[in-house]
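One structure below.
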Amino acid sequence: MKRLYFFGTLLLLALLAGSPQKAVAQFNFEVEVCADSQAVVDLVDTVFLAGVNPQQKANITFYGDPSSVGYFKGGYFLGFKKPQGIVMTNGKSDFVDKSNVCNTEQNASNNNNGVEGDPDLEQLAGVSSHDGCIIEFDFKPTADTVRFNYVFASEEYHEYVNATFNDMFGFFLSGPGISGPYSNDAENIALIPGTTTGVAINTINFGKGGITCTGKPTGCKNCEWFKDNSQSTDPAFSKFVYDALTKSLVAKAGMQQCEWYHIKLAISDGGDAIYDSGVLLEGGSFNAGNVVEETKYSHPTVDSLLYESCNNHEAVLYFEIEEPMGFPYIIPFKVEGTATRDVDYSLVKTYPGGDTIYIPIGETYDSLIIRTFYDTVVEGTEDVQVLFNSVMCSIFSIPDTATVLI
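Numbering-wise (our numbering), the sequence shown opens with residue 2 and increments by one.
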């Protein structure tokens, strides 16, 4: 059943991708600038960390100029699953959604009142740090990994590839089991996939040279992760100011379950305070063991509730994680609501072991089936509530609830 729904979703997405509405939507890229530091904190909490249980996140802080951070939407060209998120810059975020221009003069070069001399960024790049934009927070993973999606873009492409001074950014992760060279023994997890090499202008590029609108460079350094935006024929040229960007990348690291970790997301100018760069973080992509529930209904036309009178009408509750774990993911649940279990409905589990959601090693979901009993009693609308907690470190303190109406 899951595969049928998944196939239907893919078909719908394919149809939408070819429709005029989709073609228009992918270029409707806009950035809303943060008014103050609290707005940045709220944006991190509600957009980047959307889907993270409140018990898993704490101490969100921001250092820098609030105007360097913004909320973006319509970013289909970035390659994210969700076209909205947060942009961090070493300039002004209100320039990010401006058009690139057909001349050699840089059109995104702004100073801000950001952090000067960040020690981690200076150690990372070996040059002085200016106009810094820094977001930090603590989190407690329930999985054995943490991951999120991002894109790096810069106006320093292509002229300053292999130059002495480049803008720099890093994602500095610290906590149990981590022993890196940065503050608090942190390590940088903004790496080229499958390597230990940091993402930077000098490590992902088409080479040096080229002229905006009249020709791009011909080199290649890890260019399978690179997208040009320097020519007027590039899809995002009129809506994205930077001359080039990476493809969607994943920052990822192994973790110890139920321990507190700290992460510092930072970007700044390097060596001087001109020519801007940005890091775009996909909304809701920060995943430290998030469990997402989705309900599907077996009736071909009814997809919002169950009817007792419909033979074999059932609701399937899917509990999904982003990727397979190195251990079974076991989540206790309990059932409440006005409907009576084993009288009004039955609850069918895939795996034995009491009222637990059980995701085996190597799998990404488990399911529960709610199947109604048909009787002749007129009862009105009743509900089944499945209370579960994606934070296995503290059971049912702030549960999530999946509700099915009968």
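C-beta: ideal position from N, C-alpha, C; glycine also.
Quantities reported herein were computed from a predicted structural model and do not represent experimental measurements.
Where residue i sits in the DSSP three-state scheme
i	result
residue 257	coil
residue 352	coil
residue 103	coil
residue 376	coil
residue 8	With a pLDDT of 34 at residue 8, under the threshold of 50, the modelled position of this residue cannot be trusted; read the value that follows with caution. Looking at residue 8 - three-state DSSP - the assignment turns out to be helix.
residue 224	helix
residue 184	helix
residue 56	helix
residue 170	strand
Span of the alpha helix (DSSP H) around residue i
i	result
residue 121	120-126
residue 40	38-44
C-beta contact flag for residue i and residue j at 7 Å
i	j	result
residue 271	residue 164	no
residue 64	residue 128	no
residue 245	residue 142	no
residue 336	residue 292	no
residue 276	residue 156	yes
residue 149	residue 268	no
residue 318	residue 373	no
residue 401	residue 338	no
residue 30	residue 75	yes
residue 352	residue 331	no
residue 139	residue 173	no
residue 320	residue 50	no
residue 189	residue 205	no
residue 356	residue 334	yes
residue 86	residue 73	yes
residue 371	residue 405	yes
residue 258	residue 178	no
Buried/exposed call for residue i, threshold 16 Cβ in 10 Å
i	result
residue 25	Below a pLDDT of 50, predicted positions are generally treated as unreliable, and residue 25, at 41, falls in that range; the measurement from the model is reported next regardless. Classification of residue 25: exposed, given that the 10 Å Cβ count is below 16.
residue 23	In this prediction, residue 23 scores a pLDDT of 39, lower than 50, which makes its location untrustworthy; the coordinate-derived value is nonetheless stated afterwards. Answer is exposed; the Cβ neighbour count stays below 16.
residue 347	exposed
residue 4	Only weak support exists for where residue 4 lies, its pLDDT of 35 falling under 50; the value from the coordinates is given anyway. That one is exposed.
residue 48	buried
residue 407	buried
residue 216	exposed
residue 202	buried
Any non-hydrogen atom of the ligand ATP closer than 6 Å to residue i Cβ
i	result
residue 229	Only the bare structure without any ligand can be found here, which leaves the ligand ATP out of the picture.
Contacting residues, own chain, Cβ-Cβ under 8 Å from residue i (five flanking each side not counted)
i	result
residue 243	97, 101, 109, 154, 155, 156, 158, 230, 277, 278, 279
residue 95	32, 34, 68, 71
residue 119	130, 133, 135, 267, 269
residue 208	159, 162, 218, 219, 220, 221, 222
residue 46	58, 61
residue 182	124, 188
Same chain only: Cβ atoms within 7 Å of residue i, ignoring 5 sequence neighbours per side
i	result
residue 249	79, 80, 81, 150, 152
residue 176	260, 261, 262, 263
residue 83	283, 284, 285
Terminal residues of the beta strand (DSSP E) in which residue i lies
i	result
residue 333	330-337
residue 319	315-321
residue 148	146-155
residue 263	262-271
residue 117	That residue, residue 117, is in no beta strand (DSSP E); it is neither H nor E in DSSP.
residue 358	357-360
residue 479	Residue 479 lies beyond the residue range present for the chain, which begins at 2 and ends at 407; the question has no answer from this structure.
residue 406	401-406
residue 245	245-247
residue 388	384-389
residue 130	130-140
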